[in-house]
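In the numbering used here, the protein residues as written are 2 to 363.
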């Protein structure tokens with residue numbers, strides 16, 4: 002990609018840069034690997050280069066410092082902002098976060114890369130002729146380590162990382178349209194362009210509000226599959242209760258669910274012996290194996306490998322369905338499956354069939 006663009010710049014024909022960029026995409030898609038189009042890195046790389054070619058010249062015109070040093074870093078800042086605008090929708094869609102200190106990282110990396118690449122070529126040449134002084138190696142490693150340490154320090158500033166941002170495919174498309182229309186409105190201030198941009202911005206806001214309203218209508222309970230522990234989600238609108246007796250939580254799983262489902266409030270509670278979900282009663286049977294002798298339960302959740310005679314249990318409770326999560330021994334799972342098959346009772350093992358959903362909306 003950069004070879005194609007660099008060639009266009011070398012010809013001193015900036016108008017050809019977009020055509021060359023499109024040609025490189027076509028060449029890669031048709032002749033090398035068409036599946037690259039669906040890879041995140043490919044999408045972000047081309048989005049960043051496209052934004053730099055289009056937005057950077059516009060930003061550079063806003064201010065022209067007389068000082069060469071200031072002008073250099075102003076141009077680096079413009080490149081950083083342009084690239085970040087290009088990858089912003091894709092970054093929010095795939096990673097659901099936005100780095101607030103992106104410009105600092107770029108101001109460090111771009112100047113350092115020029116030095117690293119230049120010395121790197123020298124190091125390769127000297128190593129090929131078997132004449133590479135240890136001082137150059139030490140200096141080269143020092144520059145790379147310094148750059149990595151600075152980048153690592155910036156990455157640790159978590160207070161400047163805006164994470165867990167809910168962003169779906171509809172918002173991705175609308176945000177790209179809004180950014181494009183915003184740039185076009187800034188290049189030429191006309192009533193028509195500004196009106197179209199404001200309409201696109203309003204559409205984005207309306208879609209986001211609609212998704213939040215729809216999320217507030219969802220009511221469900223989910224039995225998750227987690228090895229050696231039991232976790233149950235009880236959701237009411239944008240509020241989530243996480244029920245578990247384990248102190249170790251699957252934080253990534255919880256965070257992903259909160260982001261994808263636009264959860265606003267999360268609370269934690271211990272896992273009780275029974276729950277009532279509208280017209281459905283769930284009995285949780287843990288390692289203690291204690292259960293009511295005569296109560297009829299519709300759904301049974303087996304956790305922590307309870308040592309019970311399942312066939313006798315079925316005769317007494319007469320459940321409609323039995324669920325087993327990932328906290329149970331596999332040998333117990335196989336035995337329970339055969340017992341349920343014999344008694345013609347549906348058996349759901351989360352390790353094979355995935356999480357179990359209680360649909361509480363109906």
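The C-beta atom is built at its ideal place from N, Cα and C for all residues, glycine as well.
query, result
"Check whether residue 264 and residue 239 have beta carbons under 9 Å apart", "yes"
"Proximity to residue 259 [Cα-Cα], best of 237, 249, 273, 247", "237"
"Extent of the continuous alpha helix (DSSP H) to which residue 257 belongs", "252 to 261"
"DSSP three-state assignment for residue 40, whether helix, strand or coil", "coil"
"Which of helix, strand or coil DSSP assigns to residue 56", "helix"
"Test item: CB-CB of residue 245 and residue 278 under 9 Å", "no"
"Chain-order list of residues whose beta-carbon lies under 7 Å from that of residue 79 (same chain, five-residue window excluded)", "57, 60, 61"
"Contacts around residue 107, its chain only, beta-carbon distance under 6 Å, and the 5 residues preceding and following it disregarded", "81"
"Proximity of residue 266 and residue 241 at Cβ, strictly below 9 Å", "yes"
"Sequence ranges, alpha helix (DSSP H) only - wholly within the segment 131 to 182, length at least 4", "135 to 156"
"Proximity to residue 252 [Cα-Cα], best of 271, 227, 66, 273", "227"
"Top-ranked residue by Cα proximity to residue 225, from 126, 74, 303", "303"
"Same chain, Cβ closer than 6 Å to residue 223, five either side skipped, listed in chain order", "234, 356, 358"
"Residue of 71, 42, 76, 33 minimising C-alpha distance to residue 54", "76"
"Span separating the alpha-carbon of residue 135 from that of residue 124", "10 Å"
"Beta-carbon spacing of residue 315, residue 349 below 9 Å", "no"
"Spatial distance of residue 154 from residue 84 (CA atoms)", "22 Å"
"Selection from 250, 73, 179 that minimises the alpha carbon distance to residue 208", "179"
"Alpha carbon of residue 291 to alpha carbon of residue 308, nearest angstrom", "10 Å"
"Touch test, the segment 92 to 107 against the segment 146 to 164, Cβ-Cβ under 8 Å, three pairs minimum", "yes"
"CB-CB length for residue 110 against residue 144, believed under 8 Å", "Not quite, the Cβ-Cβ distance comes to about 12 Å (not below 8 Å), so this is no contact."
"Nearest to residue 344 (by Cα), restricted to the options 248, 320, 146, 360", "320"
"Where residue 309 falls: helix, strand or coil (DSSP)", "coil"
"Residue 350, DSSP secondary structure in three states", "strand"
"Short Cβ contact (9 Å threshold) for residue 87 with residue 52", "yes"
"Option nearest residue 346 by Cα separation, candidates 353, 72, 300", "300"
"Where the beta strand (DSSP E) containing residue 269 begins and where it ends", "266 to 270"
"Whole-angstrom distance between residue 216 and residue 45, CA atom to CA atom", "29 Å"
"Simplified DSSP state of residue 215, which is helix, strand or coil", "helix"
"Run of the alpha helix (DSSP H) containing residue 335, from where it starts to where it stops", "331 to 343"
"For residue 254 and residue 168, believed in contact at Cβ under 8 Å, the rounded distance", "Not confirmed; about 19 Å, so no contact."
"Member of 298, 273, 361, 195 whose CA lies at the smallest distance from the CA of residue 282", "298"
"Range of the contiguous alpha helix (DSSP H) that encloses residue 104", "103 to 129"
"Boundaries of the beta strand (DSSP E) in which residue 276 is found, first to last residue", "275 to 278"
"Of the residues 195, 293, 262, the one placed nearest residue 275, counting alpha carbons only", "293"
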